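Under the numbering used here, think of the first position of the sequence shown as 559, with each following residue one higher.
Glycine is no exception: its CB is placed at the ideal position from the N, C-alpha and C atoms.
Quick caveat, the model's predicted, so the values are computed rather than measured.
For reference, the structure discussed in these notes is given below.
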Amino acid sequence: MAHHYGLEYHHLISNSGEAALDAKWRAPKERVLKMARGGAVLDLGCSSGGFLQSLKNTGLKLYGIEISEHEAQRARTNSGAQVFVGEILDADFPPESFDVVTCFHVLEHVYNPREVLAKVRNWLKPGGIFYLLIPNIETIEVSLFHSYWYGLELPRHLYHHSPASLRRLFELSNYQEVFLRQQADCYVEKSSRYIADEFYSRMGISRIPLSSDQRRASIPWRIVRKAMRLGVLLPFRHLAAVSGRGAGIEAAFRKAGVS
Numbered sequence: 559m560a561h562h563y564g565l566e567y568h569h570l571i572s573n574s575g576e577a578a579l580d581a582k583w584r585a586p587k588e589r590v591l592k593m594a595r596g597g598a599v600l601d602l603g604c605s606s607g608g609f610l611q612s613l614k615n616t617g618l619k620l621y622g623i624e625i626s627e628h629e630a631q632r633a634r635t636n637s638g639a640q641v642f643v644g645e646i647l648d649a650d651f652p653p654e655s656f657d658v659v660t661c662f663h664v665l666e667h668v669y670n671p672r673e674v675l676a677k678v679r680n681w682l683k684p685g686g687i688f689y690l691l692i693p694n695i696e697t698i699e700v701s702l703f704h705s706y707w708y709g710l711e712l713p714r715h716l717y718h719h720s721p722a723s724l725r726r727l728f729e730l731s732n733y734q735e736v737f738l739r740q741q742a743d744c745y746v747e748k749s750s751r752y753i754a755d756e757f758y759s760r761m762g763i764s765r766i767p768l769s770s771d772q773r774r775a776s777i778p779w780r781i782v783r784k785a786m787r788l789g790v791l792l793p794f795r796h797l798a799a800v801s802g803r804g805a806g807i808e809a810a811f812r813k814a815g816v817s
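Okay, structure coming up:
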């Protein structure tokens, strides 16, 4: 699997996590601050520490797990967190260490989610919370794009969840649901890019892969794209979420078996 996580991938994820830091992480930060109650937070797959950085100077004790040594060092520098380098299942934090464990678009990447959930449950304090974001395989976008849907992210995504399957996974792992709701995420632009790339490929035209394309769009195209996002995609993504077929799932589960 490490073959599919190169420098370009880590660079893309880091840029996404660090761009517009306050706006991107405002809602998750507010939720975690309420759930952590001034305690300790562990972020699984923390990348360069964008989310942990948003929690800096809040009084929380910050920890992370990251597979890339380079990104882990950036996370330490950016957030001051203690970051374990390696796989989640290889980390050796003591039992009942954390008030909240976060997992932002990481659970779909792991080989054995049941084992990860068991490990996290062991790390959580009594009543601790596992808070996560994950793509929704039942989104209306899958019906539109099929195998071109960006959220599939093959071969890096190993599991794809619906709200029902996510609930079942956590129930089997002895967690209690706190909340689970649709997120107004949107992968329409990137999914459309995959279709366009396929079209050009069949025409014998090679294009820069999406993960490597760091070119800045022209001003006219940025204006058109902004109008499209506000006039079409913004209403679409919210209607999809309200109808129960949003592109993302936000959920929190409490460690069960405690008073």
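Alpha-carbon spacing of residue i relative to residue j, whole angstroms
| i | j | result |
| --- | --- | --- |
| K592 | G789 | 34 Å |
| R705 | L665 | Per the sequence presented here, residue 705 reads as Ser, with Arg not at that position. Taking the straight line joining both Cα atoms gives about 20 Å. |
| G804 | R632 | 32 Å |
| F662 | L690 | 5 Å |
| R595 | Y621 | 16 Å |
| S750 | Y708 | 9 Å |
| S723 | I777 | 43 Å |
| F656 | G802 | 32 Å |
| N615 | D650 | 25 Å |
| A581 | L613 | 13 Å |
| L712 | D743 | 19 Å |
| L730 | R672 | 8 Å |
| G718 | P586 | A quick correction: the sequence has His, not Gly, at residue 718. Going by the C-alpha atoms only, they are around 22 Å apart. |
| C604 | L792 | 28 Å |
| Y745 | R760 | 23 Å |
| R584 | G607 | 15 Å |
| R787 | Q740 | 19 Å |
| H568 | R765 | Bear in mind that a pLDDT of 45 at H568, under 50, signals an unreliable position, so the number given afterwards is only what the model happens to contain. Cα to Cα, H568 sits roughly 21 Å from R765. |
| F609 | G597 | 16 Å |
| R634 | V590 | 19 Å |
| R780 | Q611 | 29 Å |
| Q828 | G685 | Within the shown structure, residues of the chain are numbered from 559 to 817, placing residue 828 beyond reach of any answer. |
| P652 | V800 | 40 Å |
| A639 | L618 | 10 Å |
Sheet register partners of residue i (DSSP bridge)
| i | result |
| --- | --- |
| L682 | F656 |
| V643 | E624 |
| F556 | Given a span of 559 to 817 for the chain in the structure shown, any question on residue 556 remains unanswerable. |
| Y689 | T660, A810 |
Which of helix, strand or coil DSSP assigns to residue i
| i | result |
| --- | --- |
| N694 | strand |
| G804 | coil |
| K619 | strand |
| L600 | strand |
| H719 | strand |
| N636 | helix |
| M607 | It is Gly, not Met, that sits at residue 607 in the sequence shown. G607: coil per DSSP, three-state reduction. |
| G762 | coil |
| G815 | coil |
| S612 | helix |
| Y533 | It is not possible to answer for residue 533, since the shown part of the chain is limited to 559 through 817. |
| Y669 | coil |
| S731 | coil |
| E711 | coil |
| D650 | coil |
| S750 | helix |
| A799 | helix |
| G575 | Because G575 carries a pLDDT of 45, less than 50, the predicted location of this residue cannot be relied on, and the following value inherits that uncertainty. Helix. |
| D580 | helix |
| S701 | helix |
| P778 | helix |
| D743 | coil |
Whole-number beta carbon distance between residue j and residue i, since they are thought to touch under 8 Å
| i | j | result |
| --- | --- | --- |
| E696 | S720 | 4 Å |
| I692 | I807 | 5 Å |
| V674 | L647 | 7 Å |
| F737 | A809 | 7 Å |
| E645 | L682 | E645 to L682, Cβ: 19 Å. No contact. |
| H796 | L716 | Not a contact, Cβ separation roughly 29 Å. |
| V599 | E624 | Going by Cβ atoms, the distance from V599 to E624 rounds to 15 Å, so no, they are not a contact pair. |
| R812 | I687 | 6 Å |
| L602 | V659 | 7 Å |
| K748 | L768 | 6 Å |
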